[in-house]
C-alpha cells in the first residue's frame, strides 16, 4: 500500500468514526432517559424486527455470550419493555416480544436513525445509497450475525 492510499484509507476510518458518532448520538440521549444503554437498543431493534425471536437467535444475531445478554435482557423485562413467552412448538424455548411501551421506544430510537439515513440518501441520490449498501454488505457478509439476519429476513418473506 502506498502512502497516498494509506492516507485515503485513514480518512475513511476517520469518517466512519464520526459518522457512527453522529448516527448513535441522538438515540444515546434518548436511551439515557430510560436508564439503558446501546446494547438494550440493539436488543429491542432485533426483537422488533422479529417478534417471537428466541433468546438463542438473539445471541446469534448480536454475536454475544449468554452472560453479556443476561443483565440487559433482565433489565428490559423489569422495565416493562420486553416480555417473554414459551414457544408453542417447544415450551423450553423462550421467545421475546416487545411490549407496547417497548414498541414505542424502539420506534422512536430507530426512527431517528432511519431519518438520518433517509436524509443522506435523499440528498445524495439512489446511486449513493446502492453503493453504500454494497460497501456495508461487503463488510457484513462474513459476520455470523449477519447470516442469521439474512436467513431470518428470507424466512419472513416466505
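Residue numbers (UniProt numbering): 1 to 158. Glycine residues also receive a C-beta, built at the ideal position from the N, C-alpha and C atoms. This structure is a prediction, so every number in the text was calculated from the model and none was measured.
Buried versus exposed call for residue i [16 or more other C-beta atoms within 10 Å across all chains shown]
i: residue 153; result: exposed
i: residue 58; result: buried
i: residue 12; result: exposed
i: residue 144; result: exposed
i: residue 14; result: exposed
i: residue 33; result: exposed
i: residue 76; result: buried
Whether residue i touches residue j by CB criterion (9 Å)
i: residue 95; j: residue 84; result: yes
i: residue 109; j: residue 27; result: yes
i: residue 103; j: residue 45; result: no
i: residue 125; j: residue 79; result: no
Range covered by the alpha helix (DSSP H) that runs through residue i
i: residue 104; result: 100 to 124
i: residue 43; result: 38 to 49
Supposed close pair residue i, residue j - CB separation, criterion 8 Å
i: residue 81; j: residue 99; result: 6 Å
Margin query: If contact is defined by three or more beta carbon pairs under 8 Å, each pair taking one atom from either stretch, is the stretch 99 to 116 in contact with the stretch 13 to 31?
Written below: yes
Check: Any chance the stretch 137 to 151 sits against the stretch 50 to 65, with 3 or more Cβ pairs inside 8 Å?
Finding: yes
Next item on the list: Count the C-beta pairs between the stretch 129 to 137 and the stretch 91 to 107 that are closer than 8 Å, then say yes if the count reaches three, no if not.
Entry: no
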